[in-house]
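Scroll down for the structure; my scribbles are underneath it.
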Amino acid sequence: MASIRSMCLSNHPGLDNGGILWFNNLTEFPHGALGPVFPILVAGLHYLNVQISFQKSQAKHYPGVLGLLAKYYKIYLDILAIPLFLIAYVVPQGSLVYWTTNGLFHVAQQLSLRNDIVCKMLGLPDTGALAGNTSPKSLHEGQKIMQRWSLGDSRMQSKLESSTTPKFMFEDSKIMDENVSAESSSPEELLQQALQYLGTGCQDQAVPLIRTAIEKNPDLHIALIGMGQTLFSNKLFAEASVCFEHAIPKIEEQDPLLVLAYFSAGLSRKNQGDKEAAIKLLQRLTELKEPEQVMNKACYFQGFIALGSILSNEGRKSEAAKYLRAATAYDPGVERFLKECEEAMEDQSSQQSTKPPDLKGP
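Each residue of the sequence shown is one higher than the last, beginning at 24 in the numbering used here.
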């Protein structure tokens with residue numbers, strides 16, 4: 024902008040007659056009946072860009088001072104359109120042509136990047152998981168976030184209080200902004216915002232939103248699973264198992280989250296030392312239909328491996344071998360554990376066959 028303005032003001036050769044229509048002379052300032060066209064375009068495109076940028080923004084959900092700053096920053100950008108309109112009258116028409124073109128391309132870029140097809144072609148993440156849309160489709164996309172968030176990987180610093188009920192009546196958290204209140208947001212809206220935080224790794228900010236969503240609607244199974252994963256990552260296995268087992272009856276059989284719920288519930292029970300309950304939950308997982316998607320299939324067969332490991336440690340080698348054998352079709356690396364299990368079975372059978380018979384008489 025500065026270079027073009029300097030060229031226009033210094034009467035650079037060619038700029039005095041390089042334009043078209045009413046702006047043939049690019050070194051002049053806007054004037055005449057059509058003079059307001061460029062100032063209106065500059066101010067209007069700036070205002071339009073601001074509205075598009077903040078249209079699906081979750082600024083009102085930002086915690087504390089960030090939300091307040093975002094709110095006033097948008098107001099500042101809106102008001103800035105007025106001085107831009109006035110400033111455009113003292114800018115050469117050559118600079119205004121560049122300014123207008125830049126604004127038009129910026130609008131086109133923003134609108135294009137909101138299209139899921141364009142994002143997919145460019146290898147960008149789906150806007151449905153980041154835009155704050157609370158439609159059923161976006162909630163379905165949120166399920167993928169739950170499945171990508173593996174158990175035990177979170178390093179959250181927030182402290183969670185213990186609870187044995189699925190309502191999770193915890194103390195109020197300062198993380199939540201007053202705009203994200205029980206009065207102004209539905210459970211689905213709170214959950215969608217929490218899923219966005221989970222997708223960006225901000226689990227500590229997602230926790231209070233999930234809590235409130237569950238308090239408002241205890242039957243929201245996605246929120247229950249999210250809270251269960253949070254509790255699991257903080258090694259609160261008893262509370263996590265309550266979440267997962269409370270969510271299981273609310274999930275339809277064809278829903279891929281059912282695999283994750285059974286798998287997580289089984290691991291929670293195992294870490295509590297309740298091996299029998301863990302075996303029952305993981306056996307129910309193995310009775311489900313094998314998922315088609317790669318992510319769901321990985322979780323499905325991890326359940327087979329976990330079940331085989333528990334059974335093997337309990338001395339039930341033959342049952343363990345059955346589940347490990349099924350898992351080798353998906354992960355050939357499991358074959359090593361299967362061989363160990365089969366060798367243990369052979370040793371056990373050979374010991375029984377070589378055991379001397381009982382020669383005691385009646």
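Beta carbons: idealized from backbone N, C-alpha and C, even for Gly.
Note that the coordinates shown come from a computational prediction; the quantities given were computed from them, not determined experimentally.
| Check | Outcome |
| --- | --- |
| Same chain only: Cβ atoms within 7 Å of Ala284, ignoring 5 sequence neighbours per side | Ile248, Phe267, Ala270, Ile271, Ile274 |
| C-alpha distance - Gln306 paired with Tyr70, whole-angstrom precision | 58 Å |
| Neighbour-count burial assignment, Ile140, 16 or more Cβ in a 10 Å radius | exposed |
| Own chain partners of Glu337 with C-beta closer than 7 Å, once the 5 adjacent residues on each side are dropped | Lys298 |
| Every unbroken alpha helix (DSSP H) within the region 79-144, with a cutoff of 4 residues, ordered by chain | 88-102, 104-110, 116-136 |
| Within 9 Å, strictly: CB atoms of Val73 and Thr123 | no |
| Ser332, DSSP secondary structure in three states | helix |
| Length of the line joining the Cα atoms of Phe360 and Lys94 | 57 Å |
| Host alpha helix (DSSP H) of Phe260 (start-end) | 260-270 |
| Buried or exposed by the 16-neighbour rule on C-beta atoms within 10 Å, applied to Gln78 | exposed |
| Where Ser76 falls, given that 16 or more other Cβ within 10 Å makes a residue buried | exposed |
| Limits of the unbroken alpha helix (DSSP H) element including Gln295 | 280-295 |
| Close beta carbons around Pro279, own chain, < 6 Å, minus the five adjacent residues each side | Pro314, Asn319 |
| Inter-residue Cα distance where the pair is Cys142 and Ser135 | 8 Å |
| Other residues of its chain near Leu243: CB distance less than 7 Å, five sequence neighbours each side excluded | Pro210, Leu214, Ala236, Ile237 |
| Ser287 beta carbon less than 9 Å from that of Phe255 | yes |
| Gln306: first and last residue of the uninterrupted alpha helix (DSSP H) it sits in | 298-309 |
| Integer Cβ distance of Ile328 from Leu347, believed to fall under 8 Å | 7 Å |
| DSSP state of Gly326 mapped onto helix, strand, coil | helix |
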